[in-house]
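A short worksheet on the structure shown next.
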Amino acid sequence: MAAHQKLYEGKAKILYATDDPNVLLSSFKDDATAFNAQKRGSIQGKGEINCAISSHLFQLLEAQGIATHFLDCPSANTMRVRAVKILPLEVVVRNIAAGSLCQQTGLELGTVLEPPLVEFYYKNDALGDPLLTSDRLLLLNLATSEQVEQLRAKALKINQILTDFFQQCGITLVDFKLEFGLDPSQNLLLADEISPDTCRLWNQSDPDPKQRVMDKDRFRHDLGNVEAAYQQVLDRILAKAAQI
């Protein structure tokens with residue numbers, strides 16, 4: 043396979059081949075989508091910001107024993123990653139009720155969830171990424187029962203690490219989405235990205251329900267100042283990382 047050949051283009055990233063079949067390049071885009079790509083736009087500088095945020099959080103997790111696909115960043119918006127076969131699942135961890143959970147259950151926005159809720163969604167745009175029961179997940183052969191338990195355990199450990207870290211940054215981790223992949227040895231690795239595109243993040247120093255939003259909800263709901271919110275997340279992460 044030729045180096046730099048485009049292998050896949052998604053909503054937020056493009057994957058390219060390298061000279062090493064076990065290593066890929068993930069290029070982060072400024073494109074923004076919401077509501078299953080029904081809303082489209084662009085967030086200036088998002089690719090570089092999300093690449094930087096993801097690289098720092100992947101390294102934080104690696105240091106705490108979470109295996110990820112991250113290798114390094116050869117440029118500002120490009121990440122070198124281990125090649126994995128992505129499981130067609132989105133693993134969502136919720137600490138506070140927001141978004142679709144409120145819409146589907148009637149829970150009030152901001153309700154603290156004890157313990158955190160772990161959900162699995164079918165990564166399928168044509169079907170609208172539906173929420174799956176455990177039985178449906180196994181019926182569709184999206185993962186083995188053993189893998190499902192591993193995913194749940196990893197997701198909860200990641201949640202604890204990220205919640206503690208963001209707390210030190212003055213940010214509340216409301217909820218977030220994870221994706222995992224299998225390496226050639228069938229090990230589960232955390233993949234994709236962790237960024238304001240995939241997390242709900244609230245500024246603890248701003249009580250205003252709209253102004254506290256530091257994530258893609260600013261784009262989803264036309265709250266404005268999207269770029270500034272993303273940059274503030276990165277600035278706080280960099281400041282805290284420098285102290286560690």
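Note that the numbering used here has the sequence shown beginning at 43, numbered continuously upward. Just so it is clear, CB atoms sit at the ideal spot from N, CA and C, and this is done for glycine as well. Everything numeric in this text was worked out from a predicted model, so none of it was measured.
Query raised in the report: Is there contact between the segment 211-229 and the segment 94-105, where contact requires at least three CB pairs shorter than 8 Å?
Result: no
Query - Option in Q285, K282, A284, C241 with minimal Cα separation from A271 - result: Locating residue 271 in the sequence shown gives position 229, where the first residue counts as 1. Residue C241 is the option with its Cα nearest to A271.
**Report entry** Segment contact flag, the segment 123-142 with the segment 193-210, C-beta cutoff 8 Å, min 3 pairs
**Finding:** yes
Query raised in the report: How would you label D167, buried or exposed, when you count the other beta carbons within 10 angstroms and need 16 or more for buried?
Result: Start at 1 with the first residue of the sequence shown, and residue 167 comes out as number 125. With fewer than 16 Cβ atoms within 10 Å of its Cβ, D167 is classed as exposed.
**Report entry** Where the alpha helix (DSSP H) containing L182 begins and where it ends
**Finding:** In the sequence shown, residue 182 corresponds to position 140, counting from 1. It is not in any alpha helix (DSSP H) - L182 carries neither H nor E in the DSSP assignment.
**Report entry** C211 in three-state terms, based on DSSP
**Finding:** Position 169 of the sequence shown, counted from the start, is the residue given in the question as residue 211. Note: C211 maps to coil in three-state DSSP.
**Report entry** DSSP state of L113 mapped onto helix, strand, coil
**Finding:** Within the sequence shown, the letter at position 71 stands for residue 113. Reduced to three states, the DSSP call for L113 is strand.
Query raised in the report: At a cut of 8 Å, does the segment 58-73 reach the segment 114-128 through at least three beta carbon pairs?
Result: yes
Query raised in the report: Should E156 be labelled buried (16 or more other beta-carbon atoms within 10 Å of its own) or exposed?
Result: In the sequence shown, the residue the question calls residue 156 occupies position 114. Looking at its Cβ environment, which holds fewer than 16 other Cβ atoms inside 10 Å, E156 is exposed.
Report task. Please report the residue range of the beta strand (DSSP E) in which I85 lies. Result -> Position 43 of the sequence shown, counted from the start, is the residue given in the question as residue 85. Neither: I85 is in no beta strand (DSSP E) and is coded neither H nor E.
Requested in this report: Could you have a look at I286 and say whether DSSP puts it in helix, strand or coil?
Outcome: Taking the sequence shown and counting its residues from 1, the one referred to as residue 286 is at position 244. The answer is coil: DSSP assigns I286 none of H, G, I, E or B.
Query raised in the report: For the alpha helix (DSSP H) that D259 lies in, which residues bound it at each end?
Result: Reading the sequence shown from its first residue, position 217 is the one you call residue 259. Unbroken alpha helix (DSSP H) run through D259: 259-262.
Query raised in the report: So K258 packs on P238, CB below 8 Å; how close in whole Å?
Result: Locating residue 258 in the sequence shown gives position 216, where the first residue counts as 1. Locating residue 238 in the sequence shown gives position 196, where the first residue counts as 1. Going by Cβ atoms, the distance from K258 to P238 rounds to 6 Å, so yes, they are a contact pair.
Query - Straight-line gap, V275 to Q209 (C-alpha atoms, nearest Å) - result: Stepping through the sequence shown from its first residue, residue 275 is reached at position 233. Stepping through the sequence shown from its first residue, residue 209 is reached at position 167. The straight-line gap from Cα to Cα measures roughly 12 Å.
Requested in this report: Would you check if the distance between the CB atom of I85 and the CB atom of V268 is smaller than 8 Å?
Outcome: For the purposes of this step, residue 85 is identified with residue 43 of the sequence shown, where counting begins at 1. For the purposes of this step, residue 268 is identified with residue 226 of the sequence shown, where counting begins at 1. Contact: yes.
Report task. Tell me C241's beta-bridge partners as DSSP assigns them. Result -> As a first step, residue 241 is located in the sequence shown; it is residue number 199 there, counting from the start. According to DSSP, which records beta bridges pairwise, C241 is partnered with F218.
Report task. Let me know the secondary structure DSSP gives D73 once reduced to three states. Result -> Sequence index remark: in the sequence shown, residue 73 carries index 31 (1-based). The answer is strand: DSSP assigns D73 an E or B state.
Query - Through-space distance from P116 to T147, alpha-carbon basis - result: Numbered from 1 along the sequence shown, position 105 holds the residue referred to as residue 147. Numbered from 1 along the sequence shown, position 74 holds the residue referred to as residue 116. Each residue's alpha carbon lies about 44 Å from the other.
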